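Protein chains: 2
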Amino acid sequence: MQELLETFEEYLLANLPKSKTIHPHFELALGDMLKAGGKRFRPMLLLSVVKSKKSLLVKNSLSVALGVEFLHTYSLIHDDLPAMDNSDLRRGFQTLHKKYDEVTAILVGDALNTEAFKLIANASLHNDIKIELIKSLSQNGGIDGMIIGQAIDCYFEKQKLSLEDLEFLHIHKTARLIAASLKMGAIICEYEKEIQDKLYDFGLDLGLLFQIQDDIIDETCSSEEAGKTTQNDSFKNSFVNLLGLDEAKKSADKLALKCIETLDSFEDNLKESLEELLLKYINRHKL
Amino acid sequence: MQELLETFEEYLLANLPKSKTIHPHFELALGDMLKAGGKRFRPMLLLSVVKSKKSLLVKNSLSVALGVEFLHTYSLIHDDLPAMDNSDLRRGFQTLHKKYDEVTAILVGDALNTEAFKLIANASLHNDIKIELIKSLSQNGGIDGMIIGQAIDCYFEKQKLSLEDLEFLHIHKTARLIAASLKMGAIICEYEKEIQDKLYDFGLDLGLLFQIQDDIIDETCSSEEAGKTTQNDSFKNSFVNLLGLDEAKKSADKLALKCIETLDSFEDNLKESLEELLLKYINRHKL
Numbered sequence: 001m002q003e004l005l006e007t008f009e010e011y012l013l014a015n016l017p018k019s020k021t022i023h024p025h026f027e028l029a030l031g032d033m034l035k036a037g038g039k040r041f042r043p044m045l046l047l048s049v050v051k052s053k054k055s056l057l058v059k060n061s062l063s064v065a066l067g068v069e070f071l072h073t074y075s076l077i078h079d080d081l082p083a084m085d086n087s088d089l090r091r092g093f094q095t096l097h098k099k100y101d102e103v104t105a106i107l108v109g110d111a112l113n114t115e116a117f118k119l120i121a122n123a124s125l126h127n128d129i130k131i132e133l134i135k136s137l138s139q140n141g142g143i144d145g146m147i148i149g150q151a152i153d154c155y156f157e158k159q160k161l162s163l164e165d166l167e168f169l170h171i172h173k174t175a176r177l178i179a180a181s182l183k184m185g186a187i188i189c190e191y192e193k194e195i196q197d198k199l200y201d202f203g204l205d206l207g208l209l210f211q212i213q214d215d216i217i218d219e220t221c222s223s224e225e226a227g228k229t230t231q232n233d234s235f236k237n238s239f240v241n242l243l244g245l246d247e248a249k250k251s252a253d254k255l256a257l258k259c260i261e262t263l264d265s266f267e268d269n270l271k272e273s274l275e276e277l278l279l280k281y282i283n284r285h286k287l
Numbered sequence: 288m289q290e291l292l293e294t295f296e297e298y299l300l301a302n303l304p305k306s307k308t309i310h311p312h313f314e315l316a317l318g319d320m321l322k323a324g325g326k327r328f329r330p331m332l333l334l335s336v337v338k339s340k341k342s343l344l345v346k347n348s349l350s351v352a353l354g355v356e357f358l359h360t361y362s363l364i365h366d367d368l369p370a371m372d373n374s375d376l377r378r379g380f381q382t383l384h385k386k387y388d389e390v391t392a393i394l395v396g397d398a399l400n401t402e403a404f405k406l407i408a409n410a411s412l413h414n415d416i417k418i419e420l421i422k423s424l425s426q427n428g429g430i431d432g433m434i435i436g437q438a439i440d441c442y443f444e445k446q447k448l449s450l451e452d453l454e455f456l457h458i459h460k461t462a463r464l465i466a467a468s469l470k471m472g473a474i475i476c477e478y479e480k481e482i483q484d485k486l487y488d489f490g491l492d493l494g495l496l497f498q499i500q501d502d503i504i505d506e507t508c509s510s511e512e513a514g515k516t517t518q519n520d521s522f523k524n525s526f527v528n529l530l531g532l533d534e535a536k537k538s539a540d541k542l543a544l545k546c547i548e549t550l551d552s553f554e555d556n557l558k559e560s561l562e563e564l565l566l567k568y569i570n571r572h573k574l
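What follows is the structure, given as structure tokens:
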């Protein structure tokens, strides 16, 4: 697992977007948030699935994994904009609109969105596979996925949502891209359709579980323990605010159990590959 | 030509992005700028090339042409944002950040960018062709194309550029997507590589020509004649400000002559198809 992560980090550093022009900082800005770290959870999910079945294909999958990280990173850059979260810091570094200006942050986000599809289209994989990957990423990273989740999150910032709507929000905003990362790994190494779908559903559960855990952590931990600013969520739509702490914990336990059962039902290689990854990430706060 | 445009407009209206959720205006906002008109220059270039060789493929190319229009439209929505041009009107309608809010404008733009690639990936065309189309759109609509042009345009708004840099700006900001539209048409109907490249270069010349003509119109016409606010460009980087009116006109004439010569060198069907289209659009002000 550690080796796989190092391979990915090396690949990322060697393949940061290039843009040598008269613009004094655009190329630098393109790489800033990609280099700033983050846990690389989505690319690691994708690569772990590939490794479980066709480890020789890991190398050819790195650009696809990087594409998923580009898409995720663009969404963070735009979420941090003054019109949305108005955040000054991300991953311990100044956000792009603080370090440079809003124009740079908007355009770097736009660029990474488009570039994600360029990376996949140019990967050394069969065209049939690349088309399935692009379908999956655009389906889950677009209107029917991440974007509508973010739109709902922003619009209903000050209005109480129902449990159903809150789940819809987080499944779309977060879980669908996590699910797509698993499915894309399965597409590359040609797991049968049934496993692809099962991995996708597992990803949805996992994404939702992480969100509920996040809300619980925000409620119960001090900032120091959580590694970020916490106890800010009293006026926000959160599972804890909606269900109460005890019920939120019960929901998380139930989902965790479901995830473990699904994991157990996978064939040995896949199960081991994902277990190793999840042990590292589970209960971490920001994926 | 008129028939082809009507076919495209009908297809667009029937295929506006859908998003039925609790969000009160997101679906509406996704369609607003697409329905607001515009000359559909890029999709028409693509479809005209396809029609010149394989008219039966026009139907299957509509979603690709729509993808190009999505990408172009997202760029207009983001260019209009307060941090960039801060425009209240576009195509005679309120811009999205004026009608709704900035969050909506940012996210609708993001969505149309991603959705462009989804449309192409899901088109009824061979996967090999779709991958080439995605390569071309992402190459010319991304960091090496439209986006770096826009970044340079914004950054050097108040600084005088050299002629070389001004050409670089407009070739990237505008001409590359026009060139890609022609090339993508050629990819679909499988013109040989040489014609694909020639169409692409023709598109670059055409895009630059339109920009110089635009600058000349801004300098010489009243707002009423030009159909938009003009004579605003005295402090902007424009070909007229850099070269003087006479030299700008000479440059435009030279480029126009080059375009006509290239057009004449194409085989009859392609030449006629593009001539008909260009006669309609040439000397129009905003493509």
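One line per chain: the protein sequences are A and H, in this order. Going by the working numbering, the first sequence opens with residue 1, and the numbers climb by one from there. Going by the working numbering, the second sequence opens with residue 288, and the numbers climb by one from there. From the three backbone atoms N, C-alpha and C, an ideal C-beta is built for every residue, glycine too. It should be emphasised that the depicted structure is a prediction, and the values quoted were computed from it without experimental measurement.
Residue range of the alpha helix (DSSP H) that includes residue i
i, result
"R329/H", "328–340"
"H384/H", "383–386"
"Y200/A", "193–220"
"S63/A", "58–79"
"H457/H", "450–457"
"C441/H", "433–442"
"F526/H", "526–530"
"I129/A", "127–141"
"Q289/H", "289–301"
"I120/A", "102–121"
"G185/A", "176–188"
"N269/A", "268–281"
"G31/A", "26–35"
Chain-ordered neighbours of residue i on chain H, where CB pairs are closer than 9 Å
i, result
"M84/A", "E389, V390, I393, L394"
Option nearest residue i by Cα separation, candidates the options
i, options, result
"F455/H", "M471/H, Q437/H, K470/H, S468/H", "Q437/H"
"D575/H", "S138/A, C154/A, S136/A", "Outside the displayed span of chain H (288 to 574) sits residue 575/H, for which this structure offers no information."
"E444/H", "G494/H, D540/H, S525/H, A408/H", "S525/H"
"M331/H", "L394/H, V390/H, S350/H", "S350/H"
"K341/H", "T461/H, I475/H, D431/H", "I475/H"
"D397/H", "D79/A, I134/A, R90/A, L89/A", "D79/A"
"F8/A", "K39/A, V240/A, L278/A", "K39/A"
"S423/H", "K130/A, N122/A, E132/A", "N122/A"
"E290/H", "K338/H, N302/H, A323/H, L303/H", "K338/H"
"A175/A", "D165/A, R91/A, A252/A, G203/A", "G203/A"
"D205/A", "K20/A, L13/A, A180/A", "A180/A"
"H384/H", "M371/H, A301/H, A392/H", "A392/H"
"M371/H", "L278/A, L107/A, I129/A", "L107/A"
"A352/H", "F497/H, R378/H, N302/H, C508/H", "N302/H"
"G354/H", "K417/H, K480/H, Q381/H", "K417/H"
"L13/A", "L5/A, K35/A, S19/A, K20/A", "K35/A"
"E563/H", "V336/H, L532/H, L495/H", "V336/H"
"R329/H", "L292/H, S374/H, L496/H, H413/H", "L292/H"
"A535/H", "Q381/H, K567/H, D502/H, L557/H", "D502/H"
Proximal chain A residues relative to residue i, where beta-carbon distance stays under 9 Å
i, result
"L317/H", "I143"
"S374/H", "The contacting residues do not exist; S374/H stays about 14 Å from chain A at best."
"F295/H", "Going along chain A, no residue has its Cβ under 9 Å from F295/H, so there is no contact; the nearest lies around 21 Å."
"F380/H", "Near F380/H there are no residues of chain A at all, since even the closest Cβ is about 20 Å away, more than 9 Å."
Chain-ordered neighbours of residue i on chain H, where CB pairs are closer than 8 Å
i, result
"N237/A", "Near N237/A there are no residues of chain H at all, since even the closest Cβ is about 12 Å away, more than 8 Å."
"F70/A", "Ordered by position in chain H, no residue passes the 8 Å Cβ test against F70/A, which lies about 11 Å from the chain."
Residue i: contacting residues in chain A (beta-carbon distance under 7 Å)
i, result
"I309/H", "I152, D165"
"H365/H", "I106, D110"
"N409/H", "K135"
"S306/H", "I143, I148"
Neighbouring residues, chain C, relative to residue i (Cβ below 7 Å)
i, result
"A398/H", "No chain C is present in this structure, whose protein chains are A and H."
Within chain H, partners of residue i - CB distance below 7 Å
i, result
"L81/A", "I393"
"F117/A", "F404, I421, S425"
Report yes or no: do three or more beta-carbon pairs, one from the segment 71–78 of chain A and one from the segment 14–25 of chain A, lie closer than 8 Å? no
Between the segment 412–444 of chain H and chain A, which residues of the former have a C-beta closer than 7 Å to a C-beta of the latter? N414, D415, K417, I418, I421, K422, S425, Q426, G428, G429, I430, I434, I435, Q437, A438, I439, C441, Y442
May I ask you to list, following chain order, the residues of the segment 167–193 of chain A that have a beta carbon less than 8 Å from some beta carbon of chain H? F168
Counting pairs of beta carbons, one from the segment 426–435 of chain H and one from the segment 450–464 of chain H, are three or more of them closer than 8 Å? yes
Are there three or more Cβ pairs, one per stretch, closer than 8 Å when the segment 46–60 of chain A is compared with the segment 137–146 of chain A? no
Does the segment 390–410 of chain H touch the segment 109–116 of chain A, meaning 3 or more C-beta pairs lie closer than 8 Å? yes
Under 8 Å: do the segment 482–498 of chain H and the segment 546–554 of chain H share three or more Cβ pairs, one atom per stretch? yes
Listed in chain order, which residues of the segment 326–351 of chain H have Cβ atoms closer than 7 Å to some Cβ of chain A? none
So does the segment 314–327 of chain H actually touch the segment 463–475 of chain H, counting three or more Cβ pairs closer than 8 Å? no
Please list the residues of the segment 201–212 of chain A that have a C-beta atom closer than 7 Å to any C-beta atom in chain H, keeping them in chain order. none
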